[in-house]
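Below: one structure, written as structure tokens.
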Amino acid sequence: MDVKLFLLKLCSVMLTSSVCYGFSATVQVQDINGQPAADIVVFLTPLAGQPSTKTDHQVIISQSKKSFSPYISVTQTGNPLIFSNKDDITHHIYSTDKEDAFSFVIKPDQEIRHTAASQASAIAMGCNIHDWMSGHIMVLETPYFNKTDAAGMTVLNTEQAGQYQLTLWHPQLINASNRQSQSITLTGDNKITVKLSAKLARVPEQKSSGDFDFLSDY
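Just add 187 to wherever you are in the sequence shown, counting from 1, and you've got the working numbering.
Structure below.
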């Protein structure tokens, strides 16, 4: 059997249970000084009517050493979020999102399941007990997303070629929306370098100032 025909049939079978990605974009993100920018959320939004699939992507957000780990999470609307307390103390997690807001107490070694917002949103989180803790969840309608690694690199895979909006987001990106976007055309395997047009503020340190040490025994 012809190899290309075999792959097309294999892809067709896979689509009945999962997504068959045939196109990719390797994206390198640089900060305003041309240095690699890590932990940038990068995502693609179809602009030419390409179908967006629903994934079962699951995010685990740990509370570890009185901090959120990871600091930034990204998922698709309606997908499961698992909060896992690895500390030996209690936390009271809350979100600042007006829609689909959450607030709950999570005890040591406890896991609490939540569902991501039903619409795209950038959600900030905190802890009512340990007020230096902060974290963020980017909830997207598109399934094509990832975060950059320490080298500022990430790979996004899609099902179809065509025009997409490439968006970068980080809560410390100093502009009105904490994001920047541009249109791109995917034709196969694409390599794209994007330089941030605004500065990144310092990520806040998730650490007690020392004035609230009594909360450690909460």
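A virtual CB, placed ideally from N, CA and C, is assigned to each residue, including glycine.
{"Query": "Minimum C-alpha distance to S251 - residue among Q263, G339, I371 and I293", "Result": "I293"}
{"Query": "As assigned by DSSP and simplified to three states, the class of W319", "Result": "coil"}
{"Query": "Helix, strand or coil at V216 according to DSSP, with G and I counted as helix", "Result": "strand"}
{"Query": "Cβ neighbours of S199 in the same chain (closer than 7 angstroms, five flanking residues each side left out)", "Result": "Confidence at S199 is low in this model, with a pLDDT of 34, below 50, so the placement of that residue should be treated as unreliable; the coordinate-derived value is given next. Correct list: empty, nothing qualifies."}
{"Query": "P238 to E328 span [Cα, whole Å]", "Result": "12 angstroms"}
{"Query": "C-alpha gap between D287 and L383, whole angstroms", "Result": "31 angstroms"}
{"Query": "Simplified DSSP assignment, three categories, for E392", "Result": "coil"}
{"Query": "Per-residue DSSP class, three states only, for I280", "Result": "strand"}
{"Query": "Every unbroken beta strand (DSSP E) inside the region 332 to 381 [3 residues or more]", "Result": "332 to 334, 340 to 345, 349 to 356 and 366 to 373"}
{"Query": "Chain-order list of residues whose beta-carbon lies under 8 angstroms from that of N365 (same chain, five-residue window excluded)", "Result": "A309, W356, H357, P358 and Q359"}
{"Query": "One or two residues paired with T302 in a DSSP bridge", "Result": "P267"}
{"Query": "Selected residue, minimal CA-CA separation from T262, among D275, D336 and Y331", "Result": "Y331"}
{"Query": "Residue range of the beta strand (DSSP E) that includes P233", "Result": "V228 to P233"}
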